[in-house]
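**Student:**
If you want it as structure tokens, here you go:
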């Protein structure tokens, strides 16, 4: 059945891509800093339904902070994660319940059995004037005993108990059922492994609903590519992955409400492109939105929600520490022709 649908899906995405590229994109000329963290290394971020920003840290300790995008109050520490040195990926699976990857491993060294998934329940969390009034509830929900260096995490869009975790060092994806703690490997593919077997392989990861289908998108930084693969409801990959973009060392990414992908690069760039399975199509070229290096040290990127759905938040790091910045994408054309 999938084989018979492939030509139709390909044609649909070709129309989508052509519509976007023919109308062009506008350049972004303003980046606004929202928060500064001296002495901390920022990793990943998530945006709450109230548009408060959550950001994880990997140095000098594993923590989670909440940021007010309007500067209504200073950043507040939401949680610390016991027995791990760094906090990485974060995702909201059900309202106000976030899942964070914690580990002692790094991209250059695996510390066996040091990786875990933590739940941060912010249902009753309250903060006022930069102080925590009611704390979040934090507990470990799963161990990742075979993980090498788990980093980013995504939901499947079809399950309230399953998350998918990218393993940069091992080059595959873990399926984690947070209700049982069961961990299984869903796919090991050459597109996920690092070039030459060392360095950063699969990096950013996200499940996206597009034109009636569900896809797993992921970047491979060392192979300078963005890939996509059809997935089944519980996260199993259905069919071979396809290369969407190449030539740039993409790190993290997010997708707007019209299916346009926004990507950061290891060189500090920000790009966008229409999505779809057009492997090998030369017309599939990303648009550069900022001067190269403008977002140097970028580690994560996420869109706001509700009225802020066109605001893109980016975490960056320098030797002095990390910061969270925003890019207003409202002036950038984004259409959906599905």
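Residue numbers (mature numbering (1 follows the signal peptide of the UniProt record, and there is no 0)): -22 to -1, 1 to 316. Think of the CB as a built atom: it goes at the ideal place given N, C-alpha and C, for glycine as much as any other residue. Just so it is clear, the structure is predicted and the values come from calculations on it, not from any experiment.
May I have the straight-line CA-CA distance separating residue 136 from residue 209, to the nearest angstrom?
**Tutor:** Taking the straight line joining both Cα atoms gives about 11 angstroms.
**Student:** Three or more C-beta pairs closer than 8 angstroms, one from the region 261 to 270 and one from the region 280 to 289: is that the case here?
**Tutor:** No: fewer than three Cβ pairs fall under 8 angstroms.
**Student:** Anyone know if the C-beta pair for residue 128 and residue 122 falls short of 7 angstroms?
**Tutor:** For residue 128 and residue 122, yes; Cβs fall inside 7 angstroms.
**Student:** Please classify residue 106 as buried or exposed, where buried requires at least 16 other C-beta atoms within 10 Å of its C-beta.
**Tutor:** By the 10 Å Cβ count, residue 106 comes out exposed.
**Student:** CB-CB under 6 angstroms to residue 195, same chain, minus the five flanking residues each way: which ones, in chain order?
**Tutor:** Excluding positions up to five away in sequence, the list reads 184, 186 and 206.
**Student:** Would you check if the distance between the CB atom of residue 118 and the CB atom of residue 94 is smaller than 7 angstroms?
**Tutor:** Yes; because the gap between Cβ atoms is below 7 angstroms, this pair is in contact.
**Student:** Rounded to a whole number of angstroms, what is the C-alpha to C-alpha distance between residue 78 and residue 28?
**Tutor:** The straight-line gap from Cα to Cα measures roughly 19 angstroms.
**Student:** So what does DSSP say about residue 61, is it helix, strand or coil?
**Tutor:** Reduced to three states, the DSSP call for residue 61 is coil.
**Student:** Mind checking whether residue 65 and residue 40 have CB atoms under 7 angstroms apart?
**Tutor:** Result yes, Cβ atoms of residue 65 and residue 40 sit closer than 7 angstroms.
**Student:** Given this structure, state the Cα-to-Cα distance separating residue 115 from residue 223, to the nearest angstrom.
**Tutor:** Each residue's alpha carbon lies about 40 angstroms from the other.
**Student:** Got a sec, what are the start and stop residues for the beta strand (DSSP E) residue 230 sits in?
**Tutor:** Per DSSP, residue 230 belongs to the beta strand (DSSP E) from 228 to 233.
**Student:** Between residue 305 and residue 46, what straight-line distance do the alpha-carbon atoms span, to the nearest angstrom?
**Tutor:** Those two C-alpha atoms are separated by around 15 angstroms.
**Student:** When we look at the beta-carbon of residue 258 and count the other beta-carbons within 10 Å, is it buried (16 or more) or exposed?
**Tutor:** Low confidence applies here, because residue 258 scores a pLDDT of 43, under 50, leaving its location unreliable; read the following figure in that light. Classification for residue 258: exposed.
**Student:** May I ask you to list the residues that DSSP assigns as paired with residue 310?
**Tutor:** Answer by DSSP bridge pairing: none, since residue 310 is not bridged.
**Student:** Whole angstroms is fine: what's the gap from residue 309's alpha carbon to residue 288's?
**Tutor:** Roughly 9 angstroms separates the two Cα atoms.
**Student:** Does the distance from the CB of residue 42 to the CB of residue 54 come in under 7 angstroms?
**Tutor:** No. Outside cutoff.
**Student:** Tell me, which residues are paired with residue 79 by DSSP?
**Tutor:** For residue 79, which the question treats as bridged, DSSP gives the partners 95.
**Student:** DSSP has residue 109 in a bridge; who is on the other side?
**Tutor:** According to DSSP, residue 109 bridges with 106.
**Student:** For residue 60, tell me which candidate among 303, 98 and 139 has the shortest Cα-Cα distance.
**Tutor:** For the residues 303, 98 and 139, the minimum Cα distance to residue 60 belongs to 98.
**Student:** What does DSSP give as the partner residue(s) for residue 120 in the beta ladder?
**Tutor:** DSSP, once it has assigned bridges, lists 95 as partnering residue 120.
**Student:** May I have a chain-ordered list of the beta strand (DSSP E) segments no shorter than 3 residues that lie completely inside the region 170 to 234?
**Tutor:** Correct list: 180 to 188, 191 to 198, 203 to 208, 220 to 224 and 228 to 233.
**Student:** Where does the unbroken beta strand (DSSP E) through residue 298 begin, and where does it stop?
**Tutor:** No beta strand (DSSP E) contains residue 298, which DSSP labels as neither H nor E.
**Student:** Residue -1: buried (16+ other C-beta within 10 angstroms of its C-beta) or exposed?
**Tutor:** Legend: pLDDT at residue -1 = 35, less than 50; position of this residue unreliable, no value from coordinates given.
**Student:** Within this structure, are the beta carbons of residue 134 and residue 143 separated by less than 7 angstroms?
**Tutor:** Result no, Cβ atoms of residue 134 and residue 143 do not sit closer than 7 angstroms.
**Student:** Alpha carbon to alpha carbon, how far is residue 301 from residue 146?
**Tutor:** Approximately 23 angstroms, taken between the alpha carbons.
**Student:** Secondary structure at residue 302, three-state DSSP: helix, strand or coil?
**Tutor:** The answer is strand: DSSP assigns residue 302 an E or B state.
**Student:** Name, in chain order, the residues that DSSP records as bridge partners for residue 135.
**Tutor:** BP columns for residue 135 are empty, so no partner.
**Student:** Distance check for residue 154 and residue 217, CA to CA, integer angstroms please.
**Tutor:** Those two C-alpha atoms are separated by around 21 angstroms.
**Student:** Does the beta-carbon distance from residue 16 to residue 303 come in below 7 angstroms?
**Tutor:** Cβ distance not < 7 angstroms, so residue 16 and residue 303 don't count as in contact.
**Student:** Can you look up residue 286 in the DSSP assignment and give me helix, strand or coil?
**Tutor:** Residue 286: helix per DSSP, three-state reduction.
**Student:** So, with DSSP's three-state summary, where would you put residue 267?
**Tutor:** Three-state result, residue 267: coil.
**Student:** Taking its Cβ as the centre, do 16 or more other Cβ atoms sit within 10 Å of residue 91, making it buried, or is it exposed?
**Tutor:** Result: exposed.
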